[in-house]
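Following: one structure in structure tokens, then a few remarks.
There are 2 protein chains.
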Amino acid sequence: MKLFEPLNIGGMVIPNRIMVPAMVTHLCKEDGVVTQDTIARYVRYASGGAGLIIVEAMAIHQVKSGPLLRISDDRYVPGLRELVDRVHGTSDSKIVPQIIHFLKVARTGWRQTADMLSIPEIDQIVEQFGDAVARAREAGFDGAELHSAHAYTLSSFLSRTNPRTDEYGGQTLEGRLRLIGRVMENARRKAGVDFPIGIRFNVEEFIKNGYTVVDSKRIAVRLAEFGASYLSLSAGGKFEDAQHTPGQVLYPYNGYSGDRCMPGDWLPRALHAGLGAEVKSHLLANGHKTPVAVAGKLSDPQDAERLVAEGKVDIVGIARGLLADPDWPAKVRRGELERIVQCDYCNVCKALDGTHRTVICALWPQGTLQAPADDPAIQAPQWGPAGPGLTATPKESRVELKWPKAAGASHYEVYRAEENGDPEMLDAVKVTFWVDNTVLGGHRYSYFVRPCAVSGRPGARTDTVAVDVPAPSYLSPA
Amino acid sequence: MKLFEPLNIGGMVIPNRIMVPAMVTHLCKEDGVVTQDTIARYVRYASGGAGLIIVEAMAIHQVKSGPLLRISDDRYVPGLRELVDRVHGTSDSKIVPQIIHFLKVARTGWRQTADMLSIPEIDQIVEQFGDAVARAREAGFDGAELHSAHAYTLSSFLSRTNPRTDEYGGQTLEGRLRLIGRVMENARRKAGVDFPIGIRFNVEEFIKNGYTVVDSKRIAVRLAEFGASYLSLSAGGKFEDAQHTPGQVLYPYNGYSGDRCMPGDWLPRALHAGLGAEVKSHLLANGHKTPVAVAGKLSDPQDAERLVAEGKVDIVGIARGLLADPDWPAKVRRGELERIVQCDYCNVCKALDGTHRTVICALWPQGTLQAPADDPAIQAPQWGPAGPGLTATPKESRVELKWPKAAGASHYEVYRAEENGDPEMLDAVKVTFWVDNTVLGGHRYSYFVRPCAVSGRPGARTDTVAVDVPAPSYLSPA
Chain S
0 MKLFEPLNIG GMVIPNRIMV PAMVTHLCKE DGVVTQDTIA RYVRYASGGA GLIIVEAMAI
60 HQVKSGPLLR ISDDRYVPGL RELVDRVHGT SDSKIVPQII HFLKVARTGW RQTADMLSIP
120 EIDQIVEQFG DAVARAREAG FDGAELHSAH AYTLSSFLSR TNPRTDEYGG QTLEGRLRLI
180 GRVMENARRK AGVDFPIGIR FNVEEFIKNG YTVVDSKRIA VRLAEFGASY LSLSAGGKFE
240 DAQHTPGQVL YPYNGYSGDR CMPGDWLPRA LHAGLGAEVK SHLLANGHKT PVAVAGKLSD
300 PQDAERLVAE GKVDIVGIAR GLLADPDWPA KVRRGELERI VQCDYCNVCK ALDGTHRTVI
360 CALWPQGTLQ APADDPAIQA PQWGPAGPGL TATPKESRVE LKWPKAAGAS HYEVYRAEEN
420 GDPEMLDAVK VTFWVDNTVL GGHRYSYFVR PCAVSGRPGA RTDTVAVDVP APSYLSPA
Chain D
0 MKLFEPLNIG GMVIPNRIMV PAMVTHLCKE DGVVTQDTIA RYVRYASGGA GLIIVEAMAI
60 HQVKSGPLLR ISDDRYVPGL RELVDRVHGT SDSKIVPQII HFLKVARTGW RQTADMLSIP
120 EIDQIVEQFG DAVARAREAG FDGAELHSAH AYTLSSFLSR TNPRTDEYGG QTLEGRLRLI
180 GRVMENARRK AGVDFPIGIR FNVEEFIKNG YTVVDSKRIA VRLAEFGASY LSLSAGGKFE
240 DAQHTPGQVL YPYNGYSGDR CMPGDWLPRA LHAGLGAEVK SHLLANGHKT PVAVAGKLSD
300 PQDAERLVAE GKVDIVGIAR GLLADPDWPA KVRRGELERI VQCDYCNVCK ALDGTHRTVI
360 CALWPQGTLQ APADDPAIQA PQWGPAGPGL TATPKESRVE LKWPKAAGAS HYEVYRAEEN
420 GDPEMLDAVK VTFWVDNTVL GGHRYSYFVR PCAVSGRPGA RTDTVAVDVP APSYLSPA
């Protein structure tokens, strides 16, 4: 598989094309110091075999915030070094910190915007980014990633809605690119030109008046000219359409742009792959071989392999899929697809992040802080002596599924085929019932359920049960 | 060209695959009666050769509103019949009214939502739709189109955000489809099964929690089962993300979903073509040959032809492109592409609609209510004796273009090529200067300007002027 071919990213050789994008964990405290839980999270990704692990965003400045890693002072370096060493001691995964500056937000809904920064404040941000990247190198990281996506400072300058009227905005693309350009130059100067620096930015903003792939193709060319070692494409996640809950700080992932950034189960698979391919192809047409990563519901191994094999992008970013199962890379490499704990995009992880609680996966055993180890001693779930006994009953525009408990099952995957189509996993649940709200009367649906043990080992699937949903009276007009 | 092959839509044979989607004109008064200006607008599309003309939305109910056509009573039939007869007397274009029900909106920002309707009110809507479609047949229209897109009643029921908890919602897809199903059945009963009825609906809602192509594929199958004669795909245009201006009623096209519905110049060309192709292919896979139309920046003739020739969709909807130049079909058929008045997506038409003013195209001669006739006596614009004299000057992240007036020029098209790429039209202006805000320092851009007479006859283009934009100091780090 092309997915498992190594790639040289400006001197950093990643063993495969699978990236863990930066995901907030809230496993540290307000002091921003790496904890043993933080380390355990990333060691787990390393043991699962991801080629490139991006550590959750760490702040370059000392502003007050929730539990968030920091790289804003030399005193954070020892903790970061321990994190790096532990990951490097586990596998050949490469580890890179995402480095962030963000503007102020208040519980009233007020937020600082790009036009409120003075030139000295901008100069300070440039210096802080450079110092942070130098610290990343000092801590032993394999590279650094500048966070220029979503709702944060670099992205707000890059935005088509950047309200500044001076040389850092001024309604020109070049103005919007000035801050990231100066940051990149300073980081190179302070950390050395041989230290890989990637940039994450939005392929589309998905907000009113926001930029689209028309601009992001040009932005990508410029970032490649800056010498970005790789470009990692995300989307949305903006304050502009965030919904304010009184008394809470704005969460930039709860508007439509947030739907696009962390798409739930009603959004299509691989939803930004086409945009990523447009950017990659535009870069190539302009003579830039800069590796491109894209993320967004890419946890289907066939989707991931196809994207890389066809050269649409170089690296696939799989966030929630690898949170659910850090062993995804190892299992895919061994061809054990049926053993993957498949993310069902329920977004419990997103809800936890949105309320500043520790981010875990709802499919992990209750009360655990980390994905369970893939222990070979774990047995496959077993149905009781009465057998699996799935029932599927049509009820008022719905189909209700029920099945018995299987011994040793951690959760159950629910599959459906429409008419004569292929079965698709629709959900993964810990209970023994499920309701299908997306059936059409007059159609036949076939269901089966598969029990999975901790870490994904599957039991025997139930029989397939077909249901003919009654057609509504108005379907066949006279 | 495949674009000019006729298509049989449930007995209505359209002479080509070019559709004028419904566009509000505000050419009638508050009484909702067809005016001579209304007729002139649609006759103009007919004389230009569009295969299928959808007349702007007309209301099935008597609720107060701005200037909006009505089909809510038999007294509107004579005016509508005159409109139909005049169009039929002009060309073989087919003409179909878009038929709409909308909920109440107030200047306070309050709006009625789907869950506020009682069952008797829903029953009344079903009857009103049926009566309106019967009137459309009586008036001589070739078919009718149910408006189930954007911010209006049928769409609000179809929406994934439909808040009802009864059988017309209830968090099920089947529930969301119940109203359109009953409307379709009643319309068929009242207007006859041999009267073509199309349905326009959103391929994606582009709002928080809104439906995506995952649902619209299923919706399309169900609408085909209802016997829809064609499906016309639009996108966005929702109240949910509309921005309220105090004292004004909500305008559902001024949020992000409005950007998607009537995309401005910063959004990509043919931006919903891929989604349309997904729906078409899903219909075919389910045995439905229902013709599919899609709209969204499709005024490039090559884009339009490719979509139809490759079978991605059957019909292309071109709204603003045909507003700018109703002779687009005739000119494309004759291969006179350089004579098309090309829409630059400036959205003056959208701004006029948003403020309830008469909708015209900014490229038409000032003060005219209709697109000018393609008069062969109109001469091509002529540069003065000093020649065209284009200058292009780089200035602080911008390039400023200036050129002299050309005699007989109605407007000027501005073209740019990036590096060695192909020239693209970036704008069309009535003045003799233009500023390019999207250049990158360190790159070469080539510009030329072409003067166009009324109705598009082009003059000689200027020489091509190349500009090397200076690179910013931070571009080449040490």
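Chains as they are written, first to last, in numbering that gives the first Met the number 0: chain S, 0 to 477; chain D, 0 to 477.
Idealized CB from N, CA, C, for every residue including glycine.
Note that the structure is a prediction, hence the values are computed from the model and not measured.
message: If contact is defined by three or more beta carbon pairs under 8 angstroms, each pair taking one atom from either stretch, is the stretch 105-120 of chain D in contact with the stretch 193-210 of chain D?
response: no
query: Which ranges does the beta strand (DSSP E) cover as unbroken runs of at least 3 residues, wholly within the stretch 390-426 of chain D, from first to last along the chain?
result: 390-394, 397-401 and 410-417
query: Whose C-beta lies closer than 6 angstroms to the C-beta of THR24 of chain D among residues of the same chain, with five residues either side of it excluded?
result: ARG40, GLU55 and VAL358
- request: Just the C-alpha distance for PRO476 of chain S and ASN15 of chain D, rounded to the nearest angstrom, thanks.
  value: Reliability fails at PRO476 of chain S, whose pLDDT of 46 lies under 50, so the model's placement of it is uncertain and the value that follows must be treated cautiously. Answer to the nearest angstrom: the Cα atoms are 30 angstroms apart.
message: Just to confirm the assignment, what range does the beta strand (DSSP E) spanning ARG443 of chain S have?
response: 443-451
query: Along chain D, in chain order, which residues have C-beta atoms closer than 7 angstroms to that of SER228 of chain S?
result: Ordered by position in chain D, no residue passes the 7 angstroms Cβ test against SER228 of chain S, which lies about 13 angstroms from the chain.
query: What's the C-alpha gap between ALA135 of chain D and ALA465 of chain S?
result: 43 angstroms
message: Can you confirm whether ARG460 of chain D, when its beta carbon is compared against all beta carbons of chain S, has any partner nearer than 8 angstroms?
response: no
field: CA-to-CA distance, PHE101 of chain D to TYR151 of chain D, given in whole angstroms
entry: 5 angstroms
Bridge-paired residues (DSSP) for ALA292 of chain D: D:SER231 and D:ILE314
- prompt: Who are the near neighbours of PRO371 of chain D in its chain, counting only those whose CB is closer than 7 angstroms to its CB and skipping five residues on each side?
  reply: TRP363, PRO364, VAL453 and SER454
GLY18 of chain D (DSSP reduced to helix, strand or coil): According to the sequence provided, residue 18 of chain D is Met. The question's Gly does not apply to it. Residue state, collapsed to three classes: strand.
query: When burial is assigned at 16 or more other CB atoms within 10 Å of the CB, is GLN301 of chain S buried or exposed?
result: exposed
field: Beta-carbon contacts of ILE124 of chain S that lie in its chain and below 7 angstroms, excluding the five residues immediately before and after
entry: HIS100 and THR152
- request: Give me the Cα-Cα distance between ALA329 of chain D and MET0 of chain D, rounded to the nearest whole angstrom.
  value: 13 angstroms
- request: Could you tell me whether the Cβ of PHE432 of chain D comes closer than 8 angstroms to any Cβ of chain S?
  value: no
message: To be precise: take each residue of the stretch 216-227 of chain D, compare its Cβ to all Cβ atoms of chain S, and keep it if any distance is under 8 angstroms. Which residues remain?
response: ARG217, VAL220, ARG221, GLU224, PHE225 and GLY226
task: Just confirm the distance between the C-beta atoms of ASP240 of chain S and TYR255 of chain D, as a whole number of angstroms; I'd bet it's less than 8 angstroms.
output: 7 angstroms
message: When you compare the CB positions of LEU230 of chain D and GLY197 of chain D, do they come within less than 8 angstroms of one another, or not?
response: yes
- prompt: Listing by chain order, which chain D residues have their CB less than 8 angstroms from the CB of TYR210 of chain S?
  reply: TRP265
query: So who's on the other strand from ASN7 of chain D, going by DSSP bridges?
result: D:VAL12
field: Backbone CA spacing between LEU389 of chain S and PHE447 of chain S [nearest angstrom]
entry: 7 angstroms
query: Hey, would you say ILE38 of chain D sits closer than 8 angstroms to GLU81 of chain D, going by beta carbons?
result: yes
- prompt: Excluding sequence positions up to five away, which residues of its chain have a Cβ less than 7 angstroms from the Cβ of ILE13 of chain D?
  reply: PRO5, LEU6, GLY50, LEU51 and LYS93
- request: Closer than 9 angstroms, Cβ to Cβ, to anything on chain S: give me those residues from the stretch 241-263 of chain D, in chain order.
  value: GLN242, ASN253, GLY254, TYR255, SER256, GLY257, ASP258, PRO262 and GLY263
task: Note down the Cα distance separating ARG74 of chain S from LEU297 of chain S, rounded to an integer number of angstroms.
output: 37 angstroms
- prompt: At what residue ranges does the stretch 155-200 of chain S contain a whole run of the alpha helix (DSSP H), taking only runs of 4 or more?
  reply: 172-175 and 177-190
query: If you draw a straight line from the C-alpha of ALA148 of chain D to the C-alpha of TYR44 of chain D, how long is it?
result: 23 angstroms
task: Find the nearest neighbour of GLY48 of chain D within the set D:HIS60, D:ASP72, D:GLN61 and D:HIS87, judged by alpha-carbon distance.
output: D:HIS87
task: Under 9 angstroms between beta-carbons, which chain S residues line up against LEU474 of chain D? List them in chain order, please.
output: GLY180, GLU184, ARG221, GLU224 and PHE225
message: Quick check on ASP343 of chain S: does DSSP put it in helix, strand or coil?
response: coil
message: Taking the alpha carbon of THR392 of chain S as the reference point, which residue from S:HIS410, S:LYS401, S:CYS27 and S:VAL95 has its own alpha carbon closest?
response: S:LYS401
query: Span of the beta strand (DSSP E) holding GLN97 of chain S?
result: 93-99
message: Quick check on DSSP: helix, strand or coil for GLU144 of chain D?
response: strand
message: Let's test the definition: count the other Cβ atoms within 10 Å of the Cβ of LEU336 of chain D and tell me whether it reaches 16, buried, or not, exposed.
response: exposed
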